[in-house]
Amino acid sequence: DTEVTQTPKHLVMGMTNKKSLKCEQHMGHRAMYWYKQKAKKPPELMFVYSYEKLSINESVPSRFSPECPNSSLLNLHLHALQPEDSALYLCASSQGPGQGYSPLHFGNGTRLTVT
Amino acid sequence: SQQGEEDPQALSIQEGENATMNCSYKTSINNLQWYRQNSGRGLVHLILIRSNEREKHSGRLRVTLDTSKKSSSLLITASRAADTASYFCATQDNYGQNFVFGPGTRLSVLP
């Protein structure tokens with residue numbers, strides 16, 4: 003079990019659907035991350051929230067929309083996705099800048115399939 | 122963007138043998154970290170080595186860091202079937218916010 007919880011574990015959606023991925027942590031971490039991982043590839047950074055503000059957006063298409071309602075929650079809203087967006091979406095958290103250098107704590111991901 | 126480069130990309134060994142994986146990176150770093158990922162799961166942090174450290178141990182893990190060569194190695198001693206996983210190095214920038222992962226090494230430990 004991990005201390006970062008992601009829901010749902012699996013999601014199948016059509017290209018016209020709107021869905022959301024959710025992530026929650028209760029470790030008091032102030033930085034939260036979304037990564038995308040394709041099979042046999044490393045995680046690729048999408049977004050970073052630091053102290054609930056979007057601090058890094060790695061040129062992600064607008065069909066992915068992140069949201070950080072509070073310091074414990076992170077959402078990723080999905081709309082009009084393409085089949086190539088099918089991947090494992092990983093949420094992670096860390097203590098955040100100014101808190102010392104700490105590792106990432108990952109959830110087990112949401113396996114997304116776009117049909 | 123990808124910073125670290127691991128080699129080998131895939132490694133198969135027998136149980137009880139040692140496994141060595143290497144990682145190279147391109148820019149200055151504050152620290153380098155190693156993570157393990159079991160199939161279809163999230164990544165798990167294994168060990169962190171700071172830029173002013175040369176070697177670090179944790180259980181059966183030994184990590185070295187050579188900042189002059191911008192490279193690191195992860196040694197797993199006395200491997201077990203349960204060590205079968207993908208292993209990634211990741212570098213953390215000096216602001217402490219951005220983590221960049223290498224391509225990873227897929228380790229198979231055969232019983």
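Chains as they are written, first to last, in this note's numbering: chain L, 3 to 117; chain C, 122 to 232. Quick reminder that beta carbons are idealized off the backbone N, C-alpha and C, glycines included.
Members of the segment 140–155 of chain C that neighbour chain L once the beta carbon cut-off is set at 7 Å: Asn151, Asn152 and Gln154
Secondary structure of Thr9 of chain L, DSSP reduced to three states: Position 7 of the first sequence, counting from 1, holds the residue named residue 9 of chain L. Here Thr9 of chain L sits in strand by DSSP.
C-beta atoms of Ser192 of chain C and Asn143 of chain C nearer than 8 Å: The count along the second sequence starts at 1 and reaches residue 192 of chain C at position 71. The count along the second sequence starts at 1 and reaches residue 143 of chain C at position 22. Yes, they are a contact pair.
Contact with chain L by Asn173 of chain C, beta-carbon distance below 8 Å: Translated into positions along the second sequence, residue 173 of chain C becomes position 52. No, Asn173 of chain C lies away from the interface with chain L (no Cβ there is under 8 Å from its Cβ).
Strand pairing of Glu127 of chain C, partner residues [DSSP]: Counted from its first residue, the second sequence places residue 127 of chain C at position 6. Looking at the DSSP output, Glu127 of chain C shares a beta bridge with C:Cys144.
Residue interval of the beta strand (DSSP E) (run including Asn151 of chain C): Indexing the second sequence from 1 puts residue 151 of chain C at position 30. Annotation for Asn151 of chain C: no beta strand (DSSP E) segment contains it, and DSSP assigns it neither H nor E.
Per DSSP, the bridge partner or partners of Arg183 of chain C: As a first step, residue 183 of chain C must be located in the second sequence, where it is residue number 62. Answer by DSSP bridge pairing, in chain order: C:His178 and C:Leu196.
Buried versus exposed call for Arg157 of chain C [16 or more other C-beta atoms within 10 Å across all chains shown]: The sequence position of residue 157 of chain C within the second sequence is 36, counting from 1. So Arg157 of chain C counts as buried.
Residue nearest to Ser179 of chain C in terms of C-alpha spacing, selected from C:Leu231, C:Glu136 and C:Trp155: By 1-based counting over the second sequence, the position of residue 179 of chain C is 58. Cα-wise, what sits closest to Ser179 of chain C is C:Trp155.
Where the segment 164–197 of chain C meets chain L: residues whose CB sits under 8 Å from a CB there: Leu164, Val165, His166, Leu169 and Arg171
Sequence ranges, beta strand (DSSP E) only - wholly within the segment 74–102 of chain L, length at least 3: Scanning the segment 74–102 of chain L for uninterrupted beta strand (DSSP E) segments of 3 residues or longer gives 75–81 and 89–96, listed from N- to C-terminal end.
Spatial distance of Gln123 of chain C from Thr205 of chain C (CA atoms): Taking the first residue of the second sequence as position 1, residue 123 of chain C is located at position 2. Taking the first residue of the second sequence as position 1, residue 205 of chain C is located at position 84. At Gln123 of chain C, the pLDDT of 45 sits below 50, so the modelled position is not reliable and the matter cannot be decided from this model.
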